[in-house]
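Numbering (my numbering), first residue to last: 4 to 104.
Cβ coordinates follow ideal geometry from the N, Cα and C atoms, glycine included.
As the structure is a computational prediction, the values presented were derived from the model and not from experiment.
Some notes on the structure that comes next.
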Amino acid sequence: MNKARVNLYETADSGITDIMEGPWKAIQVVALEPLATTSLTTQGEEHCVFTVEGTATVNEPDGRSWQFSKGDTVSLPLGGTCTITAGPNGFRYLIISMRVD
Numbered sequence: 004m005n006k007a008r009v010n011l012y013e014t015a016d017s018g019i020t021d022i023m024e025g026p027w028k029a030i031q032v033v034a035l036e037p038l039a040t041t042s043l044t045t046q047g048e049e050h051c052v053f054t055v056e057g058t059a060t061v062n063e064p065d066g067r068s069w070q071f072s073k074g075d076t077v078s079l080p081l082g083g084t085c086t087i088t089a090g091p092n093g094f095r096y097l098i099i100s101m102r103v104d
């Protein structure tokens with residue numbers, strides 16, 4: 004991909020690794036159906052999640068959890084893991100992933 008502008012609501016490929024230097028892996032908008040669950044891990048990468056729409060519960064393995072709504076963020080450094088469970092109306096988030104070499 005050689006476009007400097009993409010609509011992340013229409014494509015999963017931001018082309019960030021073609022556009023910018025640095026440890027970029029991906030930038031995506033992800034939509035979870037109501038009550039769906041996904042897990043994030045950080046083996047060789049780090050993530051930052053920005054809530055775009057809806058609500059979710061973010062759980063860490065140590066038992067801590069947070070309620071997320073539009074505008075909330077979570078950063079997951081190397082070695083981290085979390086589970087995201089969408090709320091009753093679903094959950095949409097922007098995730099930025101970077102390689103850690």
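Between which two residues does the beta strand (DSSP E) holding residue i run?
i: Pro91; result: Thr84 to Arg102
i: Leu35; result: Trp27 to Leu35
i: Leu79; result: Thr76 to Leu79
Does DSSP put residue i in a helix, a strand or coil?
i: Ser68; result: strand
i: Thr45; result: coil
i: Glu13; result: coil
i: Ala39; result: coil
i: Glu56; result: strand
Buried or exposed: residue i, going by 16 or more other Cβ atoms within 10 Å of its Cβ?
i: Ala39; result: exposed
i: Val61; result: buried
i: Tyr100; result: It should be noted that the sequence gives Ser, not Tyr, for residue 100. By the neighbour-count rule (16 or more Cβ atoms within 10 Å), Ser100 is buried.
i: Leu79; result: buried
i: Val103; result: exposed
(message) For the structure I just gave you, are there three or more beta carbon pairs, one from the stretch 36-56 and one from the stretch 81-97, closer than 8 Å?
(response) yes
(message) For the structure I just gave you, are there three or more beta carbon pairs, one from the stretch 77-92 and one from the stretch 34-53, closer than 8 Å?
(response) yes
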